[in-house]
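Chemist:
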């Protein structure tokens with residue numbers, strides 16, 4: 001097995017709820033592209049101890065971990081972010097009280113949720 005094949009098989013322990021999976025699929029369908037994946041990354045900082053980045057990306061970088069949640073819905077985590085996101089769950093809500101993606105991460109050190117929502 002080549003090094004590239006081994007890297008592509010790397011996985012992570014981030015999960016997507018059914019609602020988040022459906023929303024990601026819907027957004028990808030709107031983009032009209034089949035080469036995009038949802039990338040989640042972290043940086044130190046913020047009141048929860050981590051700043052989250054959540055965006056669509058066509059690139060696969062060295063050391064990326066990939067999990068497919070539905071046909072055409074892949075989540076990519078870079079090698080440096082992977083340990084900080086172990087066990088994290090991404091959800092999507094569309095209610096009067098809350099709209100957007102949220103990340104429930106047991107590795108976040110604070111209890112503030114202000115940095116954990118994406119609209």
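Residue numbers (the UniProt record's numbering): 1 to 119. Backbone N, C-alpha and C fix where the C-beta goes; we use that ideal spot for every residue, glycine too. Given the structure is predicted, the values throughout are model-derived calculations rather than measurements.
Using the C-alpha atoms, what's the distance from residue 55 back to residue 22?
Modeler: Distance between the alpha carbons of residue 22 and residue 55 is about 16 Å.
Chemist: For residue 20, which residues of its own chain have a beta-carbon under 6 Å away from its beta-carbon, when the five flanking residues on both sides are left out?
Modeler: Hits under 6 Å: 90, 91 and 92.
Chemist: Nearest-angstrom Cα distance between residue 34 and residue 70?
Modeler: Computed Cα separation, rounded: 13 Å.
Chemist: Ignore the nearest five residues each way along the sequence and tell me which others in residue 58's own chain have a CB closer than 8 Å to its CB.
Modeler: These residues qualify, in order along the chain: 33, 35, 36 and 37.
Chemist: For residue 95, count neighbouring Cβ atoms within 10 angstroms of its own Cβ and tell me buried if that reaches 16, exposed if not.
Modeler: Exposed.
Chemist: If you compare alpha carbons, which of 79, 73, 108 and 31 is closest to residue 11?
Modeler: The candidate whose alpha carbon is nearest that of residue 11 is 79.
Chemist: Any idea what DSSP makes of residue 76, helix, strand or coil?
Modeler: It is a strand residue.
Chemist: For residue 29, does the count of other Cβ atoms within 10 angstroms reach 16, so buried, or fall short, so exposed?
Modeler: Counting Cβ neighbours within 10 Å, residue 29 comes out exposed, since fewer than 16 surround it.
Chemist: Using the Cα positions of residue 74 and residue 26, report the straight-line distance between them to the nearest angstrom.
Modeler: Those two C-alpha atoms are separated by around 13 Å.
Chemist: Suppose you measure from the CA of residue 60 to the CA of residue 103; what does that come to, to the nearest Å?
Modeler: Going from the Cα of residue 60 to the Cα of residue 103 covers about 22 Å.
Chemist: Return the chain-ordered list of same chain residues with a C-beta closer than 8 Å to the C-beta of residue 67, the five sequence neighbours on each side being excluded.
Modeler: Around residue 67: 11, 12, 14, 74 and 75.
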